[in-house]
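Using this note's numbering, you'd call the opening residue of the sequence shown number 104 and step up by one each time.
Where a beta carbon is used, it is the ideal one built from N, C-alpha and C, also for glycine.
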Amino acid sequence: MAKVKQVGLLAAGCQPWNKDVCAASGDRFAYCATLAIYIYQLDQQYNEFKLRSIMSEHKKTITAISWCPDNPDLFASASADNLLIVWNVAEQKTVARLDNTKGVPASVSWCWNFSDGVAFVSQRGPLYIWVYGGTDPGVTVHKEAHSFLSDICLFRWHPTKKEKLVFGHTDGSLSVFQPGSKGQKHVLRPESLEGTDEEDPVSALEWDPLSTDYLLVSNLHNGIRLVDSEALACITVFCFPSAAASVQCLAWVPSAPGMFITGDSQVGVLRVWNVSRSTPLDSFKLKKTGFHALHVLNSPLAKKAQSSCSPSKGHHISSTSEAVPPPTLTQNWSFSLPPGHAVCCFMDGGVGLYDMGAKKWDFLRDLGHVETIFDCKFKPDDHNLLATASFDGTIKIWDTDTLTAVYTSPGNEGVVYSLSWAPGDLNCIAGATSRNGAFIWDVRKGKIITRFNEHGKNGIFCISWSHKDSKRIATCSGDGFCIIRTIDGKILHKYKHPAAVFGCDWSQNNKDMIATGCEDKNVRVYYLATSSDQPLKVFTGHLAKVFHVRWSPLREGILCSGSDDGTVRIWDYTQDACINVLSGHAAPVRGLMWNTEVPYLLISGSWDYTIRVWDTRDGTCLDTVCDHGADVYGLTCHQSRPFTLASCSRDSTVRLWSLTPLISPLLLNILTNQPWERIIGNTDTAMVPGSPPLLCGKVSRDIKQELDKCSSDIMAKKLRWFSECFSTRGGSSNLWDLVSVINGQDDSLLPPSYSKGVMHRKHLLKFKTSEAQELTIVKMSKFGGGIGAPSKEERLIEAANIHLRLGQIQRYCELMVELGQWEKALSVAPGVSMKYWKKLMQRRADQLMAEDNDDAIPYCIATGDIKNLISFFTGRGQLLEALIIAQGACEGNICAPESFQVNHTTNDVDNRLQYHSLLQRVCKELAEWYFQDGCSVLAACCYLAVDNIKLAMSSLIRGNELELAACVGIVLGEAAKQSTPYCLELLARKYMTTTTWALAVDLLKMIPDNHILLAKLCAFYPGSVAEINQFHENCGLPSLEECKALAETAMCEGDLFSAVKFYLLSSEPDIALRIGLDHVKEQLTRPDWTVDIVQPILDLMSYIRTDCLIMAKLTGARSELLILCGYIGGLQAIRRQYSSIVPALYEYTSQLMKRREVCVPLNIEQLSVELDVWRACTQNNSNLSSDCQRELFSYLERRIQPTPPDGLVLCGADYVTGSNLPSHSDVHLSCFTGQRIQGPVFLLEDDKSAISLNDALMWAEVNPFSPLGTGVRINPF
C-alpha cells in the first residue's frame, strides 16, 4: 500500500489550439488539455458534475476527441504523434489503438454506418475509416474524400442520413459528399471571398438535426450562414450587432428545435439564435476572454446544481477570475430560453457548465494551465498559496484550500521555466522565460515591475531569489552563465560554465554560497564573498547532464543533484565527495526537494512519470508514486506544513500529497506524551541508519519554545500545533478552531481565517452580518480590487442578500431601494408592514419556485415559509445557504408576520423546535456532501458547528483520520468519551507491527478500561517465551504459565470468557480456540442469539497469534473461526451500512464452507437467502421486496440489534481522502467486484489481489481476517 497519499488535484484547463477538444454524451462531458482528457460525470445524488477520470495515453498534443453516438461509454481521441485511441470511459481503459494514422488527425468522428468505426482526416486528406472490431478490422480510404485543394479544419457526418458528410476548409469553402451523388468539393465559400485568394477558415460546422440537407457553418471573419447542402445555396446569413464580433464555435440546442448558440472568439459572449430570424435572440457576456469550444448536453440536469455564489460545492470564482457575474434577468422576457446546459471552453483554458435557462454557471473551472507546468513554489508567508509556472506563458497562484486560481500573471511570456517567490511578505515573484529574459511580477499591483535581459534571447532555465539576502537574484541559462544580480538589475557576478546551466540553488546556511548544475555533467559551488569567478568546488560523477541542485536545509554542506542519467547524487561539501547515489528512476530526474523537518527525507520527480521518496541514510526508496500521467518537473513544500508536498507535471496538473504516513509514529509519540527526545532531535541523531524519525526543523523547534512558555492547556496546544503541522489541506485549522469554541475559548482569540470556513452556529449570524456591513462600505483599496473585482452595485447586492438570509428584511428593502430595484423591495415589504395578502405572496413564490427563480427567496422569507425555502436550497445543492436560513430561523430572526399567527406562544415553541430540526438536517446534508467529496475533516466541522461531537468524531474515523480524531477527542475530553477509546483502539491495531509494539501499548494505556484490549494485544504478540513474558509484564498481565493456571481456574468456575482470554495468553492458545468455538456454535443454535452475544468472544479469539493459527493441526478450527468471523462480520456490515462489502463477506463465508467440510450451524443456502433478502429490502428496488422477504429481513434485524442511540455512531461507508481523485497508477481490479478501483488501493498478503482502501477499512472493522481466507489479519489502518 502506498505510503504517500494523494490529497488534492488542480486540474488542467482546456487547450485553445485544436478544434474538436470538447465533447459530451448523456451525463458526461470531456475536454482536452495538451496531453490528457478530463472526464466529468454527473453525481446523481448531489446533482453536480465531478471529475471522474483523466485519460492520459497520448505522448504528444491531443488534436481531437469524439464521443460514440451509439455507446456513451466509448469515445475516440487522436494526437500529434499519429495515434488514434478508442477509450472505454466506464472501465477507464483503452479498447483499441491505431499507432500510425499517416498524418496528424485534424478531426475525428465516429462512422454512423459502423458501430465500431472511427473516421479521421489530416490536412488535405484523404478521409480514413478505421474499423477496429468485427470480422474485417482495418483502415480504408473514403473513395471520394481526398485530393482537396485547401487544408481541412474539421468534418461532420450527418447524424441521420448515413454516409453523408461535410468538410470545412481553411479557405472558407465546404466539401459535401453523399451516397448516390457526385461529391461537391470547395463549394459555398462566403460571398465576399469569391474570386479572391483570401482565407477565412471554417471555425464551426454542424448539421441541422431536423433536416437532411441544412447545416450551420461559421467562418472566423464572415460570420454564420445556414446553407442548403443539396441546392448548394445560402439560406440565411446571420447578422451580428457589431462588425468586430467573430464566431469561434456554435452548437444546436437539442431541447429547442431551430435554436442554436454561438461563442465569440475575442470576448466571451454567448449568443442565442433561432433559424427563423437573422439577428440574435439574446446575448450575454460570460467571460472577458473569448470562447474556444461549445457543446450542449443532450440530457439536462434533473435538478439544478448549485449557483455560482455558493461555496458549498467547492466552486469558487476568484478575485482575478475572468468570469463575469450572471446577467440580471429582465422581468418581461421576449422569449423563454430553453432548458439546457452548455459546456463552454475558453481561450484562457477556463471550462464551465452554463445553465442557459437560469442564466448562471452550474460549474466553472477557471484559469487552468493548458500546458506543461515546469515549476511550483509555496508563498513563504502563506502555506495556502501556491505559484505555478507553465509552458503556456503564465504564472498562476492557487489557493490550495479551495483548489482554485486566485491570480494570474499579465500577458504571455512565451515559456515560463522557473519561478521564485521573494522572501517573506514582499508579494513578488521572479520568473524565468524561454526567450524574454527574467522578470519580477508584483502580485499586489498586478503588473511586471522589472525585467532582466542579460542572457539575451537565450532561455533561462532557473531563477532563484536569495532568502537570506532579499536583494539578490540568481539566474542560469543556455548561454552557459549563472548571473547574480541585485533586484534593481546591477550585476554582481557572472559565472561562466563550459555548457548550458540548468539549475542553481542558494545555500540555506551560507548567504554567499550557491550551487549550479551544468550540461557538462558537473555540479559546481561558488562563493560570492570573493571576487574570483572560479568555483570553489566541482563535483563530478554524473554520466549525463545535471539539471536541478538542492542544498539540504538541515545538514550544513550537504547538497543533492538530479541528472539525465536517472540518478540522484548526494554530495558532502565538507568531504569534497559523493556520499550516496540514489538509483531507481528509469528516466532523467527533474524535481528535487529536501524535507524541512526530517533531515534524511528527499523527494525526486522524473520523466518516468514517478515521484520517489528516499531515505538518504542508506539509499532506500521508501515509496514510489505513479499518479502523474507525464514527466514530473516541480516539487515543493511549505516550511509550516512540511509534510504536504505539491508536484507539477507535463500532464498540466498540480497534485497535493501527504507525506505524514512516512513518519506517522512521530504524531503518536506526541499523542502519547512521550519525552521530547523521541519527538525532536538533532540531525546527527536523526541520521543514524534505522533510527526512528525525529523532527529537526524550525517549525518543530518553534512549537517547543512556545509550549515551554505556556502555563495552561499545554497538552491541548501541543496536540493542535503539531497536528496542524502534520496536516494537509482540508480544514484542519477550521476543525481546531471549532474545538476551541466548544471548549469555551474567548471569541476574540479566533483567527481572521475562522470566518471564511465552517463557523459554529452561534457565530454564523454575527460574522455574516459583519460581512454584509463591510460590503455596503464601497471603498476599494488598490490591493482589494484587481481583475474582475466587484462594482459598488455588485457589493450592495451581495450585502442585501446576506441581510436577507439573516432575516433582516427591512435592511434588505432599504438596500434594494438604494439600488433602484423597487419591485423586489415592495415584494418583501409585507414581511415588515403586511400591506399585501399572504395568499398572493405564496402564489407568486410557488410560481417562481416552479421556474427555479431566485426571486422566490424574498417571498418565502417574508411569509416565514422556512421549510419550503430550505427544500428549495437543498434541492439545488446550496447547502450552505440552507444552513444560514435554518440558523436564522432558530435564532428567531426569520418568522411569519404576527398577523398570520393565532397562538403566538405555542407557534413560537413549535417553530423553534422545527427550525432546530431543520438546522441539524441541513448540517448533516452538508457534512455528507463534504464527506463524499473526500473531505472528512470538513464534514466533522459541519457537525461540530452544531455541537454534534459524536457524528464529528464518526466522520473523522470513517475518513481514517485516526490520529487527528484521537487528538481532537483527547482535547474535547468528556464530550468525546465514547469515540476516543474506539479511535485509540484502531490506532493500536495499526501499530501492531514489529517495530511499534510499545507504541500500541502506550495507546491502549490511554483508554480507561483497557484490560481486555491489552490482553488481545499480548495474545497476538509474537516472540520467544522470555520476550512474551516481558511484554506481558509491560502490559500488567501475568506470565504465560500464570495465565494457563488462571485459565484452568476460570474453566472450573464456569467463566468461559476469562478462560478463553487466559488460554490465549498462555502457551496453549489452541485450547482457547476449541472452547471458544464450541461456545459460539452452541449459541448460534439458540433461537434468541444476537450478534452482540457472540461477537465479543469471536473478536477475542481472532487475536490468536498467526503462527499458531496457521499450524496444520488447527486447520479445522481455523476454518471454523474464519467462517464464523466472516458471517458475523457480514451481519455487522449490514448494521453499519457497509453496503459495498456485505456481498463480499457472504461470498467469502460461502467459499470457505465449500473449501472444507466443517461443523458449524450455518449452511450455504441460508447465506444465499439472507443475502437476497438484504438486497431486496435495502437496495433501490426495496419496494419490490415480498412480504416473506420483509419478514425475514425483520428477523435479521433482530439478530443484528442496531447500536443503541447513546452509543458510538459508525453508520455509513468509510471514504478516505483521495478516494474521489483520478490517478494514473497501474489499473487494479477489485477482487470483490472485478471492477477498476477508484482512489487508494490496498494490496492483500499475496501482493497481487487488491481491494479499495475504503473496502479494506470497512472489512477490517467487522472481520479482522484477510479476504483471501489465509488466516492472516489485515491492517489497512
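Given a length threshold of 3 residues, each whole run of the beta strand (DSSP E) inside the stretch 137-199 is given here in chain order: 140-146, 151-158, 165-170, 177-182, 186-191.
For Ile1115, the uninterrupted alpha helix (DSSP H) segment begins and ends at 1114-1123. At a cut-off of 3 residues, the continuous stretches assigned as beta strand (DSSP E) that sit fully inside the stretch 440-464 are 444-449, 454-458. The Cβ atoms of Leu1075 and Leu1090 do not sit closer than 8 Å to each other. In this structure, Gly1342 and Gly1315 do not form a Cβ contact; the two beta carbons are roughly 16 Å apart against a cut-off of 8 Å. Three or more beta-carbon pairs separated by less than 8 Å link the stretch 1196-1212 to the stretch 1173-1182, which places the two stretches in contact. Counting other Cβ atoms within 10 Å of its Cβ, Ile594 stays below 16 and is therefore classed as exposed. Around the beta carbon of Thr1152, fewer than 16 other beta carbons lie within 10 angstroms, which makes this residue exposed. Membership of Met696 in the beta strand (DSSP E) is indicated by the continuous run 692-697.
Our two residues, Ser743 and Thr699, have alpha carbons roughly 9 Å apart in a direct line. In this structure, the alpha-carbon of Cys1086 lies about 31 Å from that of Glu1145.
Taking 8 Å as the cut-off, the beta carbon of Leu257 is found closer than this to the beta carbon of Gly271. The residue among Arg715, Lys640, Gly660, Val641 with its C-alpha nearest the C-alpha of Gly669 is Arg715. Three or more pairs of CB atoms, one per stretch, sit closer than 8 Å, so the stretch 361-373 contacts the stretch 446-465. Contact check for Leu774 against Glu1066 passes: the beta carbons are separated by less than 8 Å. For Val509, the three-state secondary structure derived from DSSP is strand. Val861 and Ala181 have their alpha carbons spaced roughly 44 Å apart. DSSP lists Asp331 as the bridge partner or partners of Tyr317.
About 6 Å separates the beta carbon of Leu113 from that of Leu506, a gap short enough to meet the 8 Å contact definition. In the assembly as shown, Tyr1298 is an exposed residue. Its beta-carbon has fewer than 16 other beta-carbons within 10 Å. Across the set Ile165, Gly220, Val207, the C-alpha of Gly220 shows the shortest separation from the C-alpha of Asp173. Between Val626 and Ser664 the beta-carbon gap is near 5 Å, inside 8 Å, which marks them as a contact. In terms of CA proximity to Ala533, Phe555 leads the group Ile661, Phe555, Thr299, Glu917. Taking 8 Å as the cut-off, the Cβ atoms of Val269 and Leu308 count as close. Residue environment: Gly1232 is assigned as buried (16 or more neighbouring CB atoms within 10 Å of its CB, all protein chains considered). In the DSSP assignment, Trp376 is bridged to Phe363. In its chain, beyond the 5 residues on either side, no residue has a beta carbon closer than 6 Å to the beta carbon of Ala1148. Under the Cβ criterion (8 Å, minimum of three pairs), the stretch 1211-1220 does not count as touching the stretch 1239-1251.
Beta-bridge analysis with DSSP links Phe1160 to no other residue.
Between the alpha carbons of Thr633 and Leu822 lies a distance of about 47 Å. Setting aside the 5 residues that flank it on each side, Thr511 is surrounded in the same chain by Thr423, Leu470, Thr497, Lys499, each with a C-beta closer than 7 Å to its C-beta; the list follows chain order. Judged by DSSP secondary structure, Glu309 falls outside any alpha helix (DSSP H) and instead within the beta strand (DSSP E) spanning 305-310. For the alpha helix (DSSP H) assignment, the uninterrupted runs of no fewer than 4 residues enclosed by the stretch 837-883 are, from N- to C-terminal side, 864-879.
Going by DSSP, Val518 is part of no alpha helix (DSSP H) at all; its letter is neither H nor E.
With respect to the 8 Å criterion, Ile617 and Ala680 are not classified as neighbours on the basis of their beta carbons. Taking 8 Å as the upper bound for CB-CB distance, Ala1279 and Gln1269 are not in contact here, some 16 Å apart.
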